[in-house]
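Quick notes on the structure that follows.
Protein chains: 2
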Amino acid sequence: MPTNRRVTLAARPDGLPKESDFALDQVDVPGPKSGEVLVRIHAVSVDPYQRGRMSEARSYAKPLQLGDVITSQSVGEVMESNDGRFSPGDLVVGQLGWQEYAVARGGSLRLVPHGLDPPTLALHAVGATGLTAYFGLFDVGRPRAGDTVVVSGAAGAVGQIAGQLAKLAGCRTVGIAGGPEKVRELAELYRYDVAVDYKNADLGDALRDERVDVYFDNVGGEISRAVHRRLSIGARIVICGQVSQYNQARPEPSFHPGALIVYRARMEGFLIGDYAHRFGEGVMRLASWVASGDLHWREDVTDGLENAPQAFIGMLNGANRGKALVRVT
Amino acid sequence: MPTNRRVTLAARPDGLPKESDFALDQVDVPGPKSGEVLVRIHAVSVDPYQRGRMSEARSYAKPLQLGDVITSQSVGEVMESNDGRFSPGDLVVGQLGWQEYAVARGGSLRLVPHGLDPPTLALHAVGATGLTAYFGLFDVGRPRAGDTVVVSGAAGAVGQIAGQLAKLAGCRTVGIAGGPEKVRELAELYRYDVAVDYKNADLGDALRDERVDVYFDNVGGEISRAVHRRLSIGARIVICGQVSQYNQARPEPSFHPGALIVYRARMEGFLIGDYAHRFGEGVMRLASWVASGDLHWREDVTDGLENAPQAFIGMLNGANRGKALVRVT
Chain A
1 MPTNRRVTLA ARPDGLPKES DFALDQVDVP GPKSGEVLVR IHAVSVDPYQ
51 RGRMSEARSY AKPLQLGDVI TSQSVGEVME SNDGRFSPGD LVVGQLGWQE
101 YAVARGGSLR LVPHGLDPPT LALHAVGATG LTAYFGLFDV GRPRAGDTVV
151 VSGAAGAVGQ IAGQLAKLAG CRTVGIAGGP EKVRELAELY RYDVAVDYKN
201 ADLGDALRDE RVDVYFDNVG GEISRAVHRR LSIGARIVIC GQVSQYNQAR
251 PEPSFHPGAL IVYRARMEGF LIGDYAHRFG EGVMRLASWV ASGDLHWRED
301 VTDGLENAPQ AFIGMLNGAN RGKALVRVT
Chain B
1001 MPTNRRVTLA ARPDGLPKES DFALDQVDVP GPKSGEVLVR IHAVSVDPYQ
1051 RGRMSEARSY AKPLQLGDVI TSQSVGEVME SNDGRFSPGD LVVGQLGWQE
1101 YAVARGGSLR LVPHGLDPPT LALHAVGATG LTAYFGLFDV GRPRAGDTVV
1151 VSGAAGAVGQ IAGQLAKLAG CRTVGIAGGP EKVRELAELY RYDVAVDYKN
1201 ADLGDALRDE RVDVYFDNVG GEISRAVHRR LSIGARIVIC GQVSQYNQAR
1251 PEPSFHPGAL IVYRARMEGF LIGDYAHRFG EGVMRLASWV ASGDLHWRED
1301 VTDGLENAPQ AFIGMLNGAN RGKALVRVT
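One line per chain: the protein sequences are A and B, in this order. Sequence positions in the first sequence follow the numbering used here and run 1 to 329. Sequence positions in the second sequence follow the numbering used here and run 1001 to 1329.
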C-alpha cells in the first residue's frame, strides 16, 4: 500500500509563520468510498488566504486544527473513482490540500479543461486566482471602459490577472507592487499603463494626478490609505484581500468610513466560493483569453512537497515572481 | 427698507463649536434680479452636516468662508418673485441659510407641498432629513422584509425616519441612542422593535443575538465598531453620517476593511443631492405616510434666529428631542 506524505499544521503561527509551524507526516493512502475519488496530486497552490486558516480568529471558514493538512487548491490525476463523472487518468482540481494523495467527494472536484497547457493553470489564471480576479473585478468593481482601475498587490497571483482583465475591458490600469523587478513585470508582462514601486517611490506623489474609479485591493493598510485619498465620485473599492494584515494578531482599523460619503463610494468584500454556480462561465472566458495570448501568466514553481512551507513564507514576504506553486511529483 | 439679520461664521471652530464662533449682523435686504425670488424666512434647520461646512478640510461641498451666512435649509414665504413659477404668498423651501431674508434663483426653491401642516415638515420628515432617510435606506441599504435594520443616532432627525421606513418595509428595527429619554422615544414614538441606550448598556452585550442585515450609520466611531461585529452575510452598511467624528481635526480610522470579506458585505456612502431628480417621488411618499399617521415626527423648536448657534451646539451634544429647528419670526 502506498503511503501519503502530508504537510500539517504543527503550531499556530505568531505573526509571520516559521517552518517549525508545519510538520511533514506519512499516513496510509485511504481507499475511496462510494461517491468518492482518489487523486494523486501533481501540484499544490500557495496563497495568502491560507494564513487566515492557520489562526483561530472567527472568519468566513473554519480555522485549521493542529494536525490538519494545510488547505489548498491542488491539481492531480484520478487513480480510482467511485463517481461516474470521473475516470482514472482524468486531471482534476479541487480543495485537496498539501499532500500527495487525497480522497474527495466527486462533487467537490472539477475537471481540468481539456488541453489546458500546463494543467497547473487550473490553479491560477484558469482557476481560483483567475476566477477571483474575474468575479471581483467585473461583478463587484463593475468597471466601465475609460475607468482608471488601481490594483494593489498587482504582481501577485490575483493582481496580475485583475489588471489584465481591466485592460481587456478598456480601462486605464495602475498597478502597485514592491521592488523594481516586480514593477518592470507589471509594465512588460501584465501591461499595466502605470506601474508604481511603493518601496522606492512616494505613493502619494505617484498617485497625485489619478482619479481612481475602481480600486481592486489585495493588501490594505498604508498602501490602501494612499489610494483612498484619490478616489473619484462614485468609486468602487473591491476588498479582495488584506495581506498586509494577515500576520497581525489584531488587524488595525485603517479606514475612515466618512470618506465614502465625500466620494459617494462603495466598498465591498466578496468570496470566490459564492460564485461557484458561475465558475463554468469564468473558466471558459479565462481559458479563451489564455489561449489567444490576451492573458499573460507566470508561475513560480518550488519543487518538492516538503518545501511548501518555505514557499508559503516566501510568498507572504513577496519573494515569488508569478503564481506560487509547489510541484509534488 | 427692511434690514436682514444673519448668523455668520466668525471663526472656524476648533472641536465642538462655541457661540463666539458665530456672529449676528444686519445688512440691507437685497432686491431680487431677473429669475430670482425674495423669501422671508420663517424657520431654519439645524443639522450635523453644517459642522463639516465650517471646517476647511476638503469635502463634498465648498467650505464656508469667514463672514459667510451659515448654510441651512430654510422655509419661508415668497415676498417678491421674478420667476413665473412662484408668486407672493407661496411657501417655499431651499438652501437659504440662517437669516431673515434671502434672495435665491427660482430653480433652487421647491414649493412646500400644499396643506403640509406644519409647513416646517418641509425641513425634516417631508424634507431633507426625510429624503436622506428614504434614499439612503431604500436605494443604498436595500432592505428586504424580514431583515434586521440597525440605526445609530436613531433618535436624530434622519435616524427617527430611517427606522420607521424600515418598519414600513417589514423589517425588524434596532435603534441605538444615548440616554433613557431618547430610548423611550425610540420604542414609543418611532416604533423601534429594540431600543438600546449605548450610554447605559454594554452595546456588545445588547447586540449579542442580532444579525445585522442593514446598518444605517449616522455616527461612526465606537458605536459602529460594536455593530460591525454583528453583521450578517451580505450585510449592507449605509454611511449616512459620522457625527462622532465631526468635531475631530483628523477623523480616526475606525474600520478594518477585511471584515467586508468575511461577511461579503458592502459599505456605501451617499449624498442626498445626488437624488435631486427623484425628490418629487420621495416628498410624495413621505407626505402621504405623515398624513396617514404612519410616519411619526417630533420637532425641537428654538425661538429666535440669534439662538441658532446655541441650538446647533446643543444638537451636536445630543440635547435635542426631535428635529432641531429655529423659528425666525
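All residues carry an ideal CB built from backbone N, CA and C; glycine is no exception. Quantities reported herein were computed from a predicted structural model and do not represent experimental measurements.
Query raised in the report: At what residues does the beta strand (DSSP E) containing A:ASP333 begin and finish?
Result: Missing from the structure shown is residue 333 of chain A; chain A here goes from 1 to 329 and no further.
Requested in this report: Closer than 8 Å by beta-carbon distance: list the chain B residues that pair up with A:ALA308, in chain order.
Outcome: Taking the first residue of the first sequence as 1, we reach residue 308 of chain A at position 308. Result: empty, since nearest Cβ-Cβ is about 24 Å, beyond 8 Å.
Query raised in the report: What residue does the beta strand (DSSP E) around A:PHE22 start on, and which one ends it?
Result: As a working note, residue 22 of chain A is residue 22 in the first sequence. Segment 22-28, the beta strand (DSSP E) holding A:PHE22.
Query - Among B:SER1055, B:GLU1268, B:ARG1012, B:ARG1278, nearest to B:GLY1127 - alpha-carbon criterion - result: One-based indexing of the second sequence puts residue 1127 of chain B at position 127. The option with the nearest alpha carbon to B:GLY1127 is B:ARG1278.
Requested in this report: Taking 8 Å as the threshold, find out whether the stretch 239-257 of chain A comes into contact with the stretch 109-116 of chain A through three or more Cβ pairs.
Outcome: no
Query raised in the report: By how many angstroms is the C-alpha of B:ASN1218 removed from the C-alpha of B:GLY1159?
Result: What you label residue 1159 of chain B is simply residue 159 of the second sequence in a count that begins at 1. What you label residue 1218 of chain B is simply residue 218 of the second sequence in a count that begins at 1. Each residue's Cα considered, the two are about 7 Å apart.
Query raised in the report: So who's on the other strand from B:GLY1334, going by DSSP bridges?
Result: An answer regarding residue 1334 of chain B cannot be provided, because it is not within the stretch 1001 to 1329 covered by chain B.
**Report entry** Beta carbon proximity, A:GLN242 to chain B, threshold 9 Å
**Finding:** Here residue 242 of chain A refers to the residue found at position 242 of the first sequence. With 9 Å as the cut-off, A:GLN242 counts as an interface residue toward chain B.
Query raised in the report: Cβ atoms of B:ALA1104 and B:GLY1067: under 9 Å apart, would you say?
Result: Looking up residue 1067 of chain B in the second sequence gives position 67. Looking up residue 1104 of chain B in the second sequence gives position 104. Cβ atoms of B:GLY1067 and B:ALA1104: not closer than 9 Å.
Requested in this report: Would you tell me roughly how many angstroms separate the C-alpha atoms of B:ARG1085 and B:VAL1029, rounded to the nearest one?
Outcome: The sequence position of residue 1085 of chain B within the second sequence is 85, counting from 1. The sequence position of residue 1029 of chain B within the second sequence is 29, counting from 1. Their Cα atoms are separated by approximately 22 Å.
Query raised in the report: Around the Cβ of A:LYS62, are there at least 16 other Cβ atoms within 10 angstroms (buried) or fewer (exposed)?
Result: Your numbering for residue 62 of chain A matches position 62 in the first sequence. When all chains shown are included, A:LYS62 counts as exposed.
Query raised in the report: Tell me the DSSP bridge mates of A:MET267?
Result: Within the first sequence, the letter at position 267 stands for residue 267 of chain A. According to DSSP, A:MET267 bridges with A:ILE237, B:MET1267.
Query - Buried versus exposed call for A:GLY107 [16 or more other C-beta atoms within 10 Å across all chains shown] - result: On the first sequence, position 107 is the one that residue 107 of chain A refers to. The residue is exposed, with fewer than 16 neighbouring Cβ atoms inside 10 Å.
Report task. Find the nearest neighbour of B:LEU1325 within the set B:GLY1146, B:ALA1043, B:VAL1283, judged by alpha-carbon distance. Result -> Residue 1325 of chain B sits at position 325 when you count from the first residue of the second sequence. Among B:GLY1146, B:ALA1043, B:VAL1283, the Cα nearest to that of B:LEU1325 belongs to B:ALA1043.
Query - Spatial distance of A:LEU137 from B:LEU1260 (CA atoms) - result: Position 137 of the first sequence, counted from the start, is the residue given in the question as residue 137 of chain A. Position 260 of the second sequence, counted from the start, is the residue given in the question as residue 1260 of chain B. Going from the Cα of A:LEU137 to the Cα of B:LEU1260 covers about 16 Å.
Query raised in the report: Which residues in the same chain have their Cβ closer than 7 Å to the Cβ of B:ASP1025, if we skip the five residues on either side of it in sequence?
Result: Counted from its first residue, the second sequence places residue 1025 of chain B at position 25. Once the five neighbours on either side are set aside, the close Cβ partners of B:ASP1025 are ARG1006, THR1008.
Query raised in the report: Would you say A:ARG334 reaches chain B, if we count a Cβ-Cβ gap shorter than 9 Å as a contact?
Result: There is no way to answer for residue 334 of chain A, as the model of chain A reaches only from 1 to 329.
Report task. Along the beta strand (DSSP E) that carries A:LYS323, what are the first and last residues, could you check? Result -> Position 323 of the first sequence holds residue 323 of chain A. Note, A:LYS323: beta strand (DSSP E), 323-327.
Query raised in the report: Is any beta-carbon of chain A found at less than 9 Å from that of B:GLN1245?
Result: Indexing the second sequence from 1 puts residue 1245 of chain B at position 245. Yes, because at least one Cβ of chain A sits closer than 9 Å to the Cβ of B:GLN1245.
Report task. Measure how close the beta-carbons of A:ALA169 and A:PHE216 come, nearest whole angstrom, since I'm counting them as under 8 Å. Result -> Taking the first sequence and counting its residues from 1, the one referred to as residue 169 of chain A is at position 169. Taking the first sequence and counting its residues from 1, the one referred to as residue 216 of chain A is at position 216. With 8 Å as the limit, A:ALA169 and A:PHE216 do not qualify as a contact, their Cβ atoms being about 12 Å apart.
Query raised in the report: Does the beta carbon of A:ALA195 sit closer than 9 Å to a beta carbon anywhere in chain B?
Result: Sequence index remark: in the first sequence, residue 195 of chain A carries index 195 (1-based). No - not a single Cβ of chain B is within 9 Å of the one on A:ALA195.
Query raised in the report: Closest Cβ-Cβ distance between A:MET267 and chain B: below 9 Å?
Result: Indexing the first sequence from 1 puts residue 267 of chain A at position 267. Closer than 9 Å: yes.
**Report entry** B:LEU1189 to B:PRO1180 span [Cα, whole Å]
**Finding:** By one-based count along the second sequence, residue 1189 of chain B stands at place 189. By one-based count along the second sequence, residue 1180 of chain B stands at place 180. Each residue's Cα considered, the two are about 14 Å apart.
Report task. Given a cut-off of 9 Å, decide if B:LEU1064 and B:ARG1053 are closer than it, judged by their beta-carbon atoms. Result -> By one-based count along the second sequence, residue 1053 of chain B stands at place 53. By one-based count along the second sequence, residue 1064 of chain B stands at place 64. Yes, Cβ-Cβ distance for B:ARG1053 and B:LEU1064 is below 9 Å.
Query - Terminal residues of the beta strand (DSSP E) in which B:GLU1019 lies - result: Residue numbering aside, residue 1019 of chain B sits at position 19 when the second sequence is read from its first letter. Note, B:GLU1019: premise wrong, no beta strand (DSSP E); not H, not E.
Requested in this report: Identify, in the order they occur along the chain, each residue of the same chain with its Cβ nearer than 8 Å to the Cβ of B:TYR951, setting aside the five sequence neighbours on each side.
Outcome: The question about residue 951 of chain B has no answer, for chain B in this structure spans 1001 to 1329.
Query raised in the report: From A:VAL149 to B:ARG1058, what distance separates their C-alpha atoms?
Result: For the purposes of this step, residue 149 of chain A is taken as residue 149 along the first sequence, with counting starting at 1. For the purposes of this step, residue 1058 of chain B is taken as residue 58 along the second sequence, with counting starting at 1. Cα-Cα distance, rounded: 23 Å.
Query raised in the report: Looking at the structure shown, is A:VAL243 part of a helix, part of a strand, or coil, going by DSSP?
Result: Working through the first sequence from its first residue, we reach residue 243 of chain A at position 243. Note: A:VAL243 maps to helix in three-state DSSP.
**Report entry** Closest Cα partner of A:LYS227 within the set A:ARG250, A:LEU186, A:PHE255, A:VAL243
**Finding:** For this step, residue 227 of chain A is matched to residue 227 along the first sequence. Note that residue 227 of chain A corresponds to Val in the displayed sequence, not to Lys. Looking at the Cα atoms, A:PHE255 is the closest of the given residues.
Query raised in the report: For A:PHE279, which residues in chain B fall below 8 Å Cβ to Cβ?
Result: As a first step, residue 279 of chain A must be located in the first sequence, where it is residue number 279. Correct list: empty, because the minimum Cβ distance to chain B is about 17 Å.
Query raised in the report: A:SER59 versus chain B: which residues are under 7 Å apart at the beta carbon?
Result: Along the first sequence, one-based indexing puts residue 59 of chain A at 59. In chain order: VAL1262.
Query raised in the report: Just the Cα atoms here: how many angstroms apart are B:GLY1280 and B:SER1072?
Result: Stepping through the second sequence from its first residue, residue 1280 of chain B is reached at position 280. Stepping through the second sequence from its first residue, residue 1072 of chain B is reached at position 72. B:GLY1280 and B:SER1072: Cα-Cα distance of roughly 20 Å.
Report task. Under 8 Å between beta-carbons, which chain B residues line up against A:PRO257? List them in chain order, please. Result -> Here residue 257 of chain A refers to the residue found at position 257 when the first sequence is read from its first residue. Correct list: ASP1217, GLY1220, SER1224, ILE1237, ILE1239, GLN1242, SER1254, PHE1255, MET1267, GLY1269.
Report task. Rounded to whole angstroms, what's the CA-CA distance from B:ALA1145 to A:GLY273? Just pull it up for me. Result -> For this step, residue 1145 of chain B is matched to residue 145 along the second sequence. For this step, residue 273 of chain A is matched to residue 273 along the first sequence. Cα to Cα, B:ALA1145 sits roughly 26 Å from A:GLY273.
Query raised in the report: Can you give, in chain order, each stretch of the alpha helix (DSSP H) that sits fully within the stretch 243-314 of chain A and has at least 4 residues?
Result: 258-262, 279-291
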